[in-house]
Amino acid sequence: MKKAYHIIYVAVVVAIFAGFTIVFDTFPRSTFSELEKRDLATFPEFSWDKLWSGRYSEEISTWFSDSEPYRDNFMALSMEFDEAKRVSFSDDNVKITLAAPMADASVADESAQETQEAMENPLADENGKLANAGIIVVGEGENVRALMIYGGDARGGVAYAEAANQYYQAFGGKVKVYSMTVPLATEFYCPDNVKKHSRPQRPTIDNVHSLLAPGVKAVDVYTPLSRHIDEGIYLRTDHHWAPLGGFYAAEAFAKTAGVPFKSLDSYERKVIKNFVGSMYGYSKDISIKKVPEDFVYYVPKGVNYTTEYVVYDVNKSYQVTRESKPMNGPFFYSFKDGSGAAYSTFMGSDQKITHVKTSTKNGRRLMIIKDSYGNAIPGYLFYSFEDIHVVDARYFTKNMKRYVEAYGITDILFAFNVFNAYSGSLAKKAVRYLSQSDGTVYPVDSGKPTDVDTVSAKKTVVESVSTEEVSPAEAVAEEKPEEKQDPTPAGSEPKATSSETEVVAE
211 MKKAYHIIYV AVVVAIFAGF TIVFDTFPRS TFSELEKRDL ATFPEFSWDK LWSGRYSEEI
271 STWFSDSEPY RDNFMALSME FDEAKRVSFS DDNVKITLAA PMADASVADE SAQETQEAME
331 NPLADENGKL ANAGIIVVGE GENVRALMIY GGDARGGVAY AEAANQYYQA FGGKVKVYSM
391 TVPLATEFYC PDNVKKHSRP QRPTIDNVHS LLAPGVKAVD VYTPLSRHID EGIYLRTDHH
451 WAPLGGFYAA EAFAKTAGVP FKSLDSYERK VIKNFVGSMY GYSKDISIKK VPEDFVYYVP
511 KGVNYTTEYV VYDVNKSYQV TRESKPMNGP FFYSFKDGSG AAYSTFMGSD QKITHVKTST
571 KNGRRLMIIK DSYGNAIPGY LFYSFEDIHV VDARYFTKNM KRYVEAYGIT DILFAFNVFN
631 AYSGSLAKKA VRYLSQSDGT VYPVDSGKPT DVDTVSAKKT VVESVSTEEV SPAEAVAEEK
691 PEEKQDPTPA GSEPKATSSE TEVVAE
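Take any residue in the sequence shown, note its place counting from 1, add 210, and you have its number in the working numbering.
This is how it looks when you write it as structure tokens:
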């Protein structure tokens, strides 16, 4: 009898092993991970140099393990097992992915830098690991929320404030300049018993405001957001705020700028159901996937507008390699229920220049220089400005001075979340745009910017304008480049197929 059990056991093990062998060796390889929001490794190109150095076999090994069939399914199954055996950290169902509490400034700085890198460049493997070391998951059931740990203090934000000051100085006070620093959900939703793991964000925001030149106006969004924390102003499953948070921020900016602003009843409320955002992949916590939320956004009514895009291609370091000719498109993209790309509703992606012309005629023309948090703001300002230009601080090929003059910009708003304000890397890039040449792009496989006459895949470089190397950490990206003829949202959020997304007519 015992021998029979042994035979059965061996047979089961062999069958399982054979099954996995068949799956991993014969089934189609995975090419994109929705969970990790990144392209997976591809089979390496052969070269004799790589063969002799041993890199070729290493790259094959990486490809084999990284592109395993049903990768996301196996990872989700692993998370289910982890969840089943997990012991809650407290009676409040708080789960913390952090090595140790922050005890001093040096630890805080390290945490800020790590979490900053994770948010800026989530497509990099190492940043995924860093993100996992800085997330708090709180609540249970439908109230589960994932929060990014913040490690900064009041010494941060210097470069961000200086960028706004330099813009004000560059335009001689003829253009109004504003600075907005957006707090993250951790500031308002972190339970008291775990606040020791995350630093308060208000000191950093106050420091930014204190360093602004007299001519630069601070936009206080902290106060209005704090008054509406029960209204779903931040997403539970994503590292972004909810569109409603963007509404209250836009309202605060409109008051500071002295322009008209409409209440929410002037907008059509739209809902994408069963949304699960980026924090599922960052936290590797299955409880986030189990509690999808409604992604609610608002489309303005009674105002006419057209949207024009200049769309960028980027290289592997997410540096702009070429730009498209101006093309018309929608401002709001519509995604089907369950799509993880819902935050790309606004403008489709970050890798572009957006120009919205509205039927509002008041002589006010706005430029927004932003990170991805700023995406939720411009849609609320169509009643406030006749022209709105949106530039992501990571991607811009023009000379900012000439661009502002050419379009008659009257107002410039910096809108960064507190991580990017603290880091300063994006702010430094924004300052560089004041002096770079028009048409500044990067070669496909190089980090040195160049000028080109006509941006084309076959056009040769005409003149080098800079020798400064830009690191991949600076060339941050939350989304992948999009196709020029069909600028549909794509990128850090799960890829949208033609069956998942449709354009909302403007």
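In this text, a Cβ means the ideal position worked out from N, Cα and C, and glycines have one as well.
Length at least 3, wholly inside the stretch 527-592: the beta strand (DSSP E) runs in chain order: As summarised for the stretch 527-592, the continuous beta strand (DSSP E) elements at least 3 residues long and confined to that stretch are 530-533, 537-539, 543-545, 562-568, 575-580, given in chain order.
- prompt: Which of the three DSSP states, helix, strand or coil, is assigned to His438?
  reply: In this structure, His438 counts as coil in the three-state DSSP scheme.
field: Segments of 3+ residues assigned as beta strand (DSSP E) that fall wholly inside the stretch 355-423
entry: Complete beta strand (DSSP E) runs here, min 3: 355-358, 386-392.
task: Give the DSSP bridge partners of Asn627, in chain order.
output: DSSP links Asn627 through a beta bridge to Val392.
message: So, for Thr583: in the same chain, excluding its five sequence neighbours on each side, which residues have a beta-carbon less than 6 angstroms away from its beta-carbon?
response: First, the residue type needs correcting, since residue 583 is Tyr and not Thr in the sequence shown. In chain order, Val392, Asn627 place their CB closer than 6 angstroms to the CB of Tyr583, counting only its own chain and leaving out the 5 sequence neighbours on each side.
field: Spatial neighbours of Glu352 in its chain, beta-carbon cut-off 7 angstroms, leaving aside the 5 residues before and after
entry: Excluding positions up to five away in sequence, the list reads Val501.
message: Please classify Trp451 as buried or exposed, where buried requires at least 16 other C-beta atoms within 10 Å of its C-beta.
response: That one is buried.
task: Take every Cβ of the stretch 632-644, pair it with every Cβ of the stretch 597-609, and state whether three or more of those distances are shorter than 8 angstroms.
output: Cβ pair count under 8 angstroms is three or more, so yes.
message: Out of Tyr377, Val368, Asp547, Leu454, which one is the CA nearest neighbour of Asn630?
response: Residue Val368 is the option with its Cα nearest to Asn630.
query: At which residues does the beta strand (DSSP E) containing Pro254 begin and terminate?
result: Counting along the chain, Pro254 falls outside any beta strand (DSSP E), and DSSP gives it neither H nor E.
message: Going by DSSP, what residue range makes up the beta strand (DSSP E) through Lys483?
response: First-last of the beta strand (DSSP E) with Lys483: 477-485.
- prompt: If you drop the 5 nearest sequence neighbours on each side, which residues of the same chain put their C-beta closer than 6 angstroms to that of Lys483?
  reply: Result list for Lys483: Asp504, Asp547, in chain order.
field: Unbroken beta strand (DSSP E) run spanning Val601, endpoints
entry: Here the beta strand (DSSP E) through Val601 covers 597-602.
- prompt: Can you give the Cα-Cα distance for Ala552 and Lys611, rounded to whole angstroms?
  reply: A direct Cα-to-Cα measurement between Ala552 and Lys611 gives close to 34 angstroms.
- request: With a 10 Å radius around its C-beta and 16 neighbouring C-beta atoms as the bar for buried, classify Gln695 as buried or exposed.
  value: Note that Gln695 scores a pLDDT of 33, beneath 50, so its modelled location is shaky and nothing firm can be said.
message: Any contact between the stretch 381-395 and the stretch 411-428? By contact I mean 3 or more CB pairs, one from each, below 8 angstroms.
response: Result yes; three or more Cβ-Cβ pairs closer than 8 angstroms.
- request: State the start and end residues of the unbroken alpha helix (DSSP H) segment that holds Tyr613.
  value: Looking at the DSSP string, the run of the alpha helix (DSSP H) that includes Tyr613 is 610-616.
- request: Put Lys639 into one of helix, strand or coil per three-state DSSP.
  value: In the structure shown, the three-state DSSP call for Lys639 is helix.
task: With a 10 Å radius around its C-beta and 16 neighbouring C-beta atoms as the bar for buried, classify Pro193 as buried or exposed.
output: Nothing about residue 193 can be read from this structure; the chain reaches only from 211 to 716.
task: Give me whichever residues DSSP pairs with Ala428 in a beta bridge.
output: When beta bridges are read from the DSSP output, Ala428 appears opposite Ser389.
field: C-beta contact flag for His449 and Ala356 at 9 angstroms
entry: Taking 9 angstroms as the cut-off, the Cβ atoms of His449 and Ala356 count as close.
message: Only counting the same chain, and skipping five residues up and downstream in sequence, which positions put a Cβ closer than 8 angstroms to that of Pro434?
response: So the list reads Tyr458, Ala459, Glu461, Ala462, once near-sequence residues are dropped.
task: Have a look at the DSSP bridge pairing and note the partners of Val506.
output: DSSP lists Val481 as partners of Val506.
message: Does Thr466 come out as helix, strand or coil in the three-state DSSP assignment?
response: The three-state secondary structure of Thr466, taken from DSSP, is helix.
Exposure of Lys465, with buried meaning 16 or more beta-carbon neighbours within 10 Å: The residue in question, Lys465, is exposed, as its Cβ has fewer than 16 Cβ neighbours within 10 Å.
task: Give me the Cα-Cα distance between Phe556 and Phe542, rounded to the nearest whole angstrom.
output: Approximately 5 angstroms between the Cα atoms of the pair.
- request: In the DSSP assignment, find the unbroken beta strand (DSSP E) run with Tyr492 in it and report its ends.
  value: Per DSSP, Tyr492 lies in no beta strand (DSSP E) segment; the continuous alpha helix (DSSP H) that holds it begins and ends at 489-493.
field: Minimum C-alpha distance to Ser408 - residue among Tyr370, Gly349, Gly344, Ala364
entry: Ranked by Cα distance from Ser408, the first of Tyr370, Gly349, Gly344, Ala364 is Gly344.
message: Please return the same chain residues whose Cβ sits closer than 8 angstroms to the Cβ of Asp416, not counting the five positions on each side in sequence.
response: So the qualifying residues of the chain are Ala364.
- prompt: Tell me which same chain residues have a C-beta within less than 6 angstroms of the C-beta of Gly383, skipping the five on either side of it?
  reply: So the list reads Gly425, once near-sequence residues are dropped.
message: If the criterion is Cβ atoms closer than 9 angstroms, does the pair Tyr515 and Thr568 meet it?
response: Taking a C-beta distance under 9 angstroms as the contact criterion, Tyr515 and Thr568 qualify as a contact pair.
- prompt: Got a sec, what are the start and stop residues for the alpha helix (DSSP H) Lys499 sits in?
  reply: For Lys499, the enclosing alpha helix (DSSP H) starts and ends at 496-499.
As assigned by DSSP and simplified to three states, the class of Tyr652: Three-state result, Tyr652: coil.
query: Buried or exposed: where does Asn375 fall if 16 or more other Cβ atoms within 10 Å of its Cβ makes it buried?
result: Here Asn375 is buried, its C-beta having at least 16 other C-beta atoms within 10 Å.
message: Just to confirm, is the Cβ distance from Phe398 to Ile622 under 9 angstroms?
response: Not a contact, by the Cβ cut-off of 9 angstroms.
- prompt: With 16 as the cutoff for other CB atoms within 10 Å, does Val566 come out buried or exposed?
  reply: With 16 or more Cβ atoms within 10 Å of its Cβ, Val566 is classed as buried.
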